[in-house]
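Participant: My numbering applies: residue 12 is where the sequence shown begins, and numbers increase by one.
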Amino acid sequence: MNFKDFLAAMQAIEGDRNISKEIVLAALQEALAKAYRKHIEIPDALVNVDINEKTGEVSLFQQYLVVENIEDEELEISLEDAKSKNPELELGSLYNVKVNIDDLGRAAALLAKNVMKQKIREAEKQAVYDEYIDKLDEMVIGMIESVEEKFVVVNLGKTLAMMPKAAQMPNETYKEGQKIRLVITEVSKDTKGAQVLVSRADAKLVKRLFEKEVPEIFQGIVEIKAIAREAGERTKMAVASKRDDVDPIGACIGPRGQRVQVVIEELRGEKIDIFEWSENVTELIKNSLSPAQILAVLPSGEKRGLLVVVEDNQLSLAIGKKGKNARLAVRLTGLRIDIKSRAEIEEQGIDWKKLAQEHALELETKLLEKKAQKLAEELTKREAMVKPSETEATMIETPVQDTSVPSEKPVEADPYIPTPRPSEKPVDRAIERKYDRFTERPQAAKPTERIFTKPVERVVEKPAEPKVKVPKKELGDRSGYVSRLEAVIEAPKSHEKKEEKPIKRKPKSEAEERRLR
């Protein structure tokens, strides 16, 4: 049977559906094997399918197990019969009998077709799963393929994703061929419908948009600690900075509000509240319920529940339109929040100021304990990094042993006799003492250090020689002495005429005399 046309179709499947050729060939082999088993009505039959990729020829073999004594004639063959057909066969070998594929019935061919489709579909789903599982919660760009009543089909390039009605923004209208930014919320392998689900209403979309527009968030300097969203209405986002010189709120807003404005335009005018994160729960709730002014935050009887006290005129602002502001605060903090007015609390006879002070003191104590625990953990990590290993400690503590064999008689070292240097000059002891007053003396050497010092020369004092008196020279007669002043006075004056000497002239030639005449 020639399958060249099938091999050409297989290459097309490989390019369009991103399925490798090996997977398609394996699917064809399994489909033909199942079809032949159904044709001979032996479910346990051993079948081998060989496909030549170059020629496109497909060969089908039924295999029999070579045994000593036959128990099942449909699956086994005796060693004697196998040797007569192929002398190289041994016990445990498989004897192949070629089957004509054209003899398969219509039912077997239909079964092979269905098995082939199922295997290719499973391989296609696996390829899509492997492609998009790493992109979960990431932002992608897709083109709208079709708009239905309950969902929108989006083309992501290699597969079609589905955006349910709940994942759509209520203030948006979608059209076919429109390109939009989405976030992948789910990737499934075993499903009948779409494997990939996308969303425009998820809070992760806002987070990814800020990561795209704000470099400080992308670099990890500013961190989005918590985010809550009512799609199309309002988003609350708590941010924190890892560096003191970076303002997290200013970094998200950008110069002249350019960065946050790009996000708002992408979300079709959705309002965004950005505030600074705080480890103090009271401060965090006050920030999350803004723009309402909070008087106090008290503990309630419920687990992870808190009671918020506001002025009477701030109650509706704190709750928000249809409870929107309170819902966002609950999602962002993860706490149960009950908002009541000051008048209602006082009517119940609750001393909210005292409870607020006690609650604040308790929170501060917990925060201090938490900080102390973090510091202790950091110190433990640093000590573990600085502390030497057991091998290094053993090497430091173990002294070096001298393995040399001592001789019977100790050999005395020759005394060091310094040789005088011609360039050396005697040092004035007075200057040396003066210098010692202003210089630090060297510290004592550590026991592990070995300092070699030059032995001091012994100074031998020689007996002083008797001084010999030199007779003074007698002064000569000073009558012939002329001082410098007298020499200047007696010098001839410059204005006096000196004796003129006759000037000797060179005799002129006869030609010069004639010219002068």
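By construction, the Cβ of each residue, glycine as well, lies at the ideal position given by its N, Cα and C atoms.
Given the structure is predicted, the values throughout are model-derived calculations rather than measurements.
Which first and last residues belong to the alpha helix (DSSP H) in which residue 7 is found?
Facilitator: The requested residue 7 is not part of the displayed model; the chain covers only 12 to 528.
Participant: Whether or not the stretch 144 to 155 and the stretch 49 to 69 are in contact is what I'm after, with contact meaning three or more pairs of Cβ atoms, one per stretch, closer than 8 Å; do they touch?
Facilitator: The stretch 49 to 69 is not in contact with the stretch 144 to 155.
Participant: Determine the DSSP secondary structure at residue 180, reduced to helix, strand or coil.
Facilitator: Residue state, collapsed to three classes: coil.
Participant: Checking 8 Å against the spacing of the C-beta atoms, do residue 176 and residue 161 come in under that value?
Facilitator: Going by C-beta atoms, residue 176 is nearer than 8 Å to residue 161.
Participant: Here's the rule I'm using: 16 or more other beta-carbon atoms within 10 Å means buried, otherwise exposed. How should residue 77 be labelled?
Facilitator: By the neighbour-count rule (16 or more Cβ atoms within 10 Å), residue 77 is buried.
Participant: Excluding five sequence neighbours on each side, which residues of the same chain lie with their C-beta closer than 8 Å to the C-beta of residue 353?
Facilitator: Closer than 8 Å at Cβ, skipping near neighbours: 306, 320, 321, 322, 323 and 363.
Participant: Around the C-beta of residue 211, are 16 or more other C-beta atoms found within 10 angstroms, so that it is buried, or is it exposed?
Facilitator: Looking at its Cβ environment, which holds 16 or more other Cβ atoms inside 10 Å, residue 211 is buried.
Participant: Ordered along the chain, which non-local residues of its own chain (more than five positions away) have a Cβ less than 8 Å from that of residue 46?
Facilitator: Correct list, in chain order: 115, 119, 120, 122, 123 and 126.
Participant: Figure out for me which residue from 103, 113, 19 and 169 has the closest Cα to the Cα of residue 205.
Facilitator: The shortest C-alpha separation from residue 205 is found at 169.
Participant: In whole angstroms, what separates the C-alpha of residue 277 from that of residue 181?
Facilitator: In a straight line, the C-alpha of residue 277 is about 14 Å away from that of residue 181.
Participant: Suppose you measure from the CA of residue 243 to the CA of residue 279; what does that come to, to the nearest Å?
Facilitator: If I take the Cα positions, the gap works out to 7 Å.
Participant: May I ask you to report which of helix, strand or coil DSSP gives residue 266?
Facilitator: Reduced to three states, the DSSP call for residue 266 is helix.
Participant: Do you know offhand how far residue 358's Cα is from residue 282's?
Facilitator: Cα to Cα, residue 358 sits roughly 37 Å from residue 282.
Participant: Suppose the cutoff is 6 Å on Cβ atoms and the five residues either side in sequence are ignored; what does the same chain contact list for residue 143 look like?
Facilitator: Around residue 143: 198 and 207.
Participant: Any contact of the stretch 338 to 351 with the stretch 252 to 269, i.e. 3+ C-beta pairs under 8 Å?
Facilitator: No, they do not touch.
Participant: List the DSSP bridge partners of residue 73.
Facilitator: 58 and 108, per the DSSP bridge assignment.
Participant: Closer than 7 Å by C-beta to residue 48: which residues in its own chain qualify, once you throw out the five before and the five after it? Chain order, please.
Facilitator: Closer than 7 Å at the Cβ level, and outside the excluded window around residue 48, lie 54, 56 and 58.
Participant: Let me know if residue 309 comes out buried or exposed under the rule of 16 or more other beta-carbons within 10 Å of its beta-carbon.
Facilitator: Burial call: buried.
Participant: In this structure, what does DSSP give as the bridge partners for residue 89?
Facilitator: In DSSP, residue 89 forms a bridge with 78.
Participant: With distances taken between CB atoms, is the gap from residue 100 to residue 109 smaller than 8 Å?
Facilitator: Taking 8 Å as the Cβ cut-off, residue 100 and residue 109 do not qualify as a contacting pair.
Participant: Keeping to the same chain, check which residues put their C-beta closer than 6 Å to that of residue 445; ignore five residues upstream and five downstream.
Facilitator: Low confidence applies here, because residue 445 scores a pLDDT of 44, under 50, leaving its location unreliable and the question unanswered by this model.
Participant: At what residues does the beta strand (DSSP E) containing residue 214 begin and finish?
Facilitator: It is not in any beta strand (DSSP E) - residue 214 instead sits in the alpha helix (DSSP H) that spans 214 to 224.
Participant: Can you round the beta-carbon distance between residue 227 and residue 257 to whole angstroms, since I take them to be within the 8 Å contact cut?
Facilitator: At roughly 6 Å, the Cβ-Cβ gap stays under 8 Å, so residue 227 and residue 257 are in contact.
Participant: The ligand ATP and residue 256: does any heavy atom of the ligand fall closer than 7 Å to the residue's C-beta?
Facilitator: For the structure depicted, the ligand ATP is absent and the ligand set is empty, with no information on it obtainable.
Participant: What is the residue span of the alpha helix (DSSP H) that residue 128 lies within?
Facilitator: 117 to 143 is the extent of the alpha helix (DSSP H) around residue 128.
Participant: Using 10 angstroms around the beta-carbon of residue 96, count the other beta-carbons present and answer buried if the total reaches 16, otherwise exposed.
Facilitator: That one is exposed.
Participant: Pull up the DSSP beta-bridge partners for residue 273, would you.
Facilitator: None, per the DSSP bridge assignment.
Participant: Contact criterion: CB-CB distance below 8 Å. Does residue 374 meet it with respect to chain B?
Facilitator: Among the chains of the structure shown, chain B does not appear; only one protein chain is present.
Participant: Please state whether the Cβ-Cβ distance between residue 74 and residue 111 is less than 8 Å.
Facilitator: Not in contact: residue 74 and residue 111 (Cβ atoms no closer than 8 Å).
Participant: Three-state secondary structure (DSSP) at residue 247?
Facilitator: In this structure, residue 247 counts as strand in the three-state DSSP scheme.
Participant: Buried or exposed for residue 80, please, with buried defined as at least 16 other CB atoms from any protein chain shown within 10 angstroms of its CB.
Facilitator: Answer is exposed; the Cβ neighbour count stays below 16.
Participant: Specify the secondary structure class of residue 302 as computed by DSSP and reduced to three states.
Facilitator: Coil at residue 302, not helix or strand.
Participant: On the CB-based measure, 16 or more other CB atoms within 10 Å of its CB, does residue 259 come out buried or exposed?
Facilitator: When all chains shown are included, residue 259 counts as buried.
Participant: One question on the structure: do residue 174 and residue 217 come within less than 8 Å of each other, judged by their Cβ atoms?
Facilitator: Against a cut-off of 8 Å, the Cβ pair of residue 217 and residue 174 comes out as no contact.
Participant: What are the boundary residues of the alpha helix (DSSP H) that includes residue 356?
Facilitator: Residues 353 to 358.
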